[in-house]
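Residue numbers (our numbering): 67 to 258.
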């Protein structure tokens, strides 16, 4: 149990250091960081593992140059890690089921267990990396691709929106709390 608790503590510390601390310390307006969170979460839940940070960078470049919109590239890249080796298969399955439902394929929904078995077979470690990537590409395009891509769109939009709202509220509340603490400290020092 102690080992499990230490692992959870390390994960929480990593989340805090990589995701929450940058939100609290950004000198930019709250919207700047909130948009970074939204873009990162939106790309995190697409079926593009391994290139999500690159896609955030391309989005950052396009937003700056074509739309004059600015967001935190660092936060955007950091939030793509919400989808990782542990959360990836469930996220892909959720996108797959959502896509099948949106396409009206109610009778063609694979169960989670068979989905994971196929996923694990595709990425066995006895295959070379190029073979694994080709298998993943084949699965993404031919087997489940359309359903996963269509199914990920509502989740990307929803999670991007919720990430924006949450981080905007988080940053605003943190800054207000910090301002109150500074005001109390100044008031105490001014009285003495």
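We put the CB at the ideal spot given by N, CA and C, even for glycine.
Nearest-angstrom Cβ-Cβ length linking residue i and residue j, presumed shorter than 8 angstroms
| i | j | result |
| --- | --- | --- |
| residue 217 | residue 154 | Between residue 154 and residue 217 the Cβ distance is about 14 angstroms, and since that is not below 8 angstroms, they are no contact. |
| residue 125 | residue 233 | Not a contact, Cβ separation roughly 17 angstroms. |
Pairwise C-alpha distance: residue j and residue i
| i | j | result |
| --- | --- | --- |
| residue 98 | residue 135 | 9 angstroms |
| residue 173 | residue 201 | 25 angstroms |
| residue 240 | residue 138 | 18 angstroms |
| residue 231 | residue 195 | 39 angstroms |
| residue 80 | residue 213 | 33 angstroms |
| residue 243 | residue 88 | 17 angstroms |
| residue 254 | residue 238 | 24 angstroms |
| residue 75 | residue 86 | 15 angstroms |
| residue 227 | residue 236 | 14 angstroms |
Where the alpha helix (DSSP H) through residue i begins and ends
| i | result |
| --- | --- |
| residue 237 | 211 to 257 |
| residue 156 | 154 to 168 |
| residue 121 | 118 to 132 |
| residue 74 | 68 to 81 |
| residue 107 | 96 to 110 |
| residue 142 | 139 to 145 |
Spatially closest choice to residue i from the options, by CA coordinates
| i | options | result |
| --- | --- | --- |
| residue 151 | 213, 177 and 111 | 111 |
| residue 100 | 74, 141 and 81 | 141 |
| residue 179 | 160, 250 and 255 | 160 |
| residue 223 | 133, 254, 86 and 105 | 105 |
| residue 186 | 156, 211 and 171 | 156 |
Take every Cβ of the region 140 to 160, pair it with every Cβ of the region 104 to 119, and state whether three or more of those distances are shorter than 8 angstroms.
-> Counting C-beta pairs closer than 8 angstroms gives three or more between the region 140 to 160 and the region 104 to 119, which meets the contact rule.
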